[in-house]
Amino acid sequence: KQQPNEVLAKCDVCWTYPCQNGGLCQTLPDRKFSCKCTPGYHGDRCQHKIDACYGNPCRNSGTCKVLEEGRF
Numbered sequence: 001k002q003q004p005n006e007v008l009a010k011c012d013v014c015w016t017y018p019c020q021n022g023g024l025c026q027t028l029p030d031r032k033f034s035c036k037c038t039p040g041y042h043g044d045r046c047q048h049k050i051d052a053c054y055g056n057p058c059r060n061s062g063t064c065k066v067l068e069e070g071r072f
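Written as structure tokens, this is what we have:
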């Protein structure tokens with residue numbers, strides 16, 4: 001016998017909160033979903049933190065340090 005939560009999860013894929021790090025889940029057709037990530041995160045489930053220091057953006061031998069929400 002299925003529990004009510006199991007039925008809801010089968011009807012609405014966002015019921016199980018698949019988006020991470022505060023991402024907003026949007027239900028799409030065919031039991032698919034899309035995550036709108038909060039600032040500082042990316043990935044299909046917002047599972048990756050943006051590394052603002054990637055590629056060494058600082059000049060003149062400066063040292064890059066990530067502060068918050070992907071800022072440096």
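Residue numbers (full-length UniProt numbering): 1 to 72.
Where is the CB? At the ideal position from N, CA and C, for every residue including glycine.
What you are looking at is a predicted structure, and each value in this text was computed from that prediction instead of being measured.
*In three-state DSSP terms, what is T38?*
coil
_Helix, strand or coil, according to DSSP, for T63 in the structure here?_
coil
_Please return the same chain residues whose Cβ sits closer than 7 angstroms to the Cβ of R31, not counting the five positions on each side in sequence._
V13
*Apart from the five residues just before and just after C37, which ones in its own chain have a Cβ nearer than 6 angstroms to its Cβ?*
G23, C46
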